[in-house]
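**Student:**
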Amino acid sequence: MEVWPAVWTVTSDVSPRSSAVPRLQPREVLGEPILYSLSEKKAVPCDIDELKGRTTWATPHGWFLVHHPPPGATTFLWNPNNGDKIQLPPLPAANVSSNCTCLLSDKPGSSFVVLLLDDTGPVLWYHHCSNNNGWARHEYDVGTQILYPDDTQQEKLVITPVAACGGKVYFSTSFDELGVIDFSFSTEEEPVAFSSMAMAEVVADGYGVADSARVFMVESEGDVYMVNLLDDGRGISPSPAVYDVTVYRMDFSRRPWVRVHDLGGRAFLMSSLNFAASRPAESCDMEKDCVYMWYPWEKSMCIYNVREGTMKMEKLDGAPRTSRAFWMLPTDDL
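If you use the UniProt record's numbering, the sequence shown corresponds to residues 1 to 334, in order.
1. Which first and last residues belong to the beta strand (DSSP E) in which residue 199 is found?
2. Taking the runs of the beta strand (DSSP E) that are 3 residues or longer, which of them lie wholly in the stretch 238–276?
3. Unbroken beta strand (DSSP E) runs of length 3 or more, entirely within the stretch 86–120: which are they?
4. Is the CB-CB distance between residue 220 and residue 278 below 8 Å?
5. Go through its chain and collect everything with a Cβ distance to residue 139's Cβ below 7 Å, but skip five positions before and after it.
6. Which residues in the same chain have their Cβ closer than 8 Å to the Cβ of residue 84, if we skip the five residues on either side of it in sequence?
7. Between the C-alpha atoms of residue 198 and residue 224, what's the straight-line distance to the nearest angstrom?
8. Give the DSSP-derived three-state secondary structure of residue 22 in the structure shown.
9. Hey, how far is the Cα of residue 324 from the Cα of residue 33?
10. How long is the line joining the alpha carbons of residue 383 and residue 281, rounded to whole angstroms?
11. Could you check which residue in 319, 263, 244, 63 has the C-alpha nearest to that of residue 312?
12. Return the Cβ separation of residue 317 and residue 299 in integer angstroms, given the expectation that the two are a contact with Cβ distance under 8 Å.
13. Pull up the DSSP beta-bridge partners for residue 217, would you.
14. DSSP three-state call for residue 211: helix, strand or coil?
15. For the beta strand (DSSP E) containing residue 171, name the first residue and the last one.
16. What does the alpha-carbon distance come out to for the pair residue 110 and residue 268?
17. Based on DSSP bridge pairs, tell me the residues matched to residue 81.
18. Could you tell me which residues DSSP pairs with residue 131 in its beta bridges?
19. Nearest to residue 154 by alpha carbon, out of 144, 162, 75, 161?
20. Nearest-angstrom Cα distance between residue 162 and residue 251?
21. Give the DSSP bridge partners of residue 321, in chain order.
22. For the candidate residues 61, 158, 88, whose alpha-carbon lies nearest to that of residue 165?
23. Using the beta-carbon count (16 or more within 10 Å), is residue 322 buried or exposed?
24. Which term fits residue 44, buried or exposed, when burial requires 16 or more other beta carbons within 10 angstroms of its beta carbon?
25. Going by CA-CA distance only, name the one from 306, 273, 174, 176 that's closest to residue 57.
26. If I follow the unbroken beta strand (DSSP E) through residue 179, where does it start and stop?
27. Residues in its own chain within less than 6 Å of residue 118 by CB, not counting five upstream and five downstream?
28. Take residue 263 as the anchor and find which of 200, 249, 105, 181 has the nearest alpha-carbon.
29. Is it buried or exposed, residue 310, if we count other Cβ atoms within 10 angstroms and call 16 or more buried?
30. Between 169, 179, 103, 87, which lies nearest to residue 134 when the distance is taken from Cα to Cα?
31. Residue 105 and residue 115 - do their beta-carbons sit closer together than 8 Å?
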């Protein structure tokens, strides 16, 4: 089955140079969704009612969280492969940013959590699908960072990169510690249970080589991976120069990040909205053991072969230039 990069045209001009990762403003109006066929190298109109005129977040499981604004506000999880829907309580859309990373704590079933992590501030929204309660908002504090170039000011860190695995959510704000969110231990006094794991070894890579380091976390077959991508951080033109891609797997028994040189025949698919997922390469017509990083502003894609250590950049000439882009994937088996 082919995977589809999906993009949204936008009505306002958002500069990609405003951040290492291009972001939309919280209430930016979106245009029509467009799919891009990698096999045919062309854009394809997306005639999918569930995605038109609605706020949409993609999940690594392949499901979409869809919110239809008032009047008649509705929120649901949608499976693009068979059209199945899981109805959810309506999101308080006026307070939820469209700039969110969306995760499911586990495969959709009787008990799982839908999580929205605001990319613009230390706020998350979550809903336990095993009860009838609505969405809950939680402000967190996982540390601060010094603002550059004025080192006299600080800002709170947001949770990124992040991945859900085995009912828990893992995130990294530094290479010497791994944060954990466990909703199964939620109480009225502590609705979101945070903890951390000290790393036995610290990843030491040459970040000084490049201007911009993009770090992603990916769940793949029950393991948590970290992908470090070093590029020059350039904007729309020319295409970014990618210096290096390294992939690590978390060894939870010894707690180091272990460098890996294969992905078990799978492909890691990433995009600029902190989106990262894993799929069997052959069944999706992708290359085995490869990391795919889509640069929607530059209309190009970096494909890095982890096993061979080779890299290539492919131009996506027929794709629209946009800031909002992610992958439409086959959903995980229930």
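Here a beta-carbon is modelled for each residue, glycine too, at the ideal position from N, C-alpha and C.
The structure presented is a predicted model; accordingly, all values stated were derived computationally and were not measured.
**Tutor:** So, to answer that:
1. Element bounds for residue 199: n/a, residue is neither H nor E.
2. 242–250, 257–259, 266–271
3. 100–104, 113–118
4. yes
5. Exclusion of the five residues before and after residue 139 leaves 122, 123 as the residues of its chain whose Cβ lies within less than 7 Å of its Cβ.
6. 78
7. 16 Å
8. Because residue 22 sits at a pLDDT of 22, beneath the cut-off of 50, its placement in the model cannot be relied upon, and the point is left open.
9. Between the alpha carbons of residue 324 and residue 33 lies a distance of about 10 Å.
10. Limits of the chain in this structure are 1 at one end and 334 at the other, which puts residue 383 out of reach.
11. 244
12. 7 Å
13. 226
14. Because residue 211 sits at a pLDDT of 46, beneath the cut-off of 50, its placement in the model cannot be relied upon, and the following sentence gives the value as read from the coordinates. It is coil, neither helix nor strand.
15. 168–174
16. Taking C-alpha positions only, residue 110 is separated from residue 268 by approximately 28 Å.
17. Residue 81 is not bridged to any residue.
18. Per DSSP, residue 131 has no beta-bridge partner at all.
19. 144
20. 16 Å
21. Answer is none; residue 321 lacks a bridge partner.
22. When C-alpha distances from residue 165 are compared across 61, 158, 88, the shortest belongs to 61.
23. Burial state of residue 322 is buried, judged by a 10 Å Cβ sphere holding 16 or more other Cβ atoms.
24. exposed
25. 273
26. For residue 179, the enclosing beta strand (DSSP E) has its first and last residue at 177–182.
27. Excluding sequence positions up to five before and after residue 118, its CB lies within less than 6 Å of the CB of 97, 100, all in the same chain and listed in chain order.
28. Of the candidates 200, 249, 105, 181, the one whose C-alpha sits nearest the C-alpha of residue 263 is 249.
29. exposed
30. 87
31. yes
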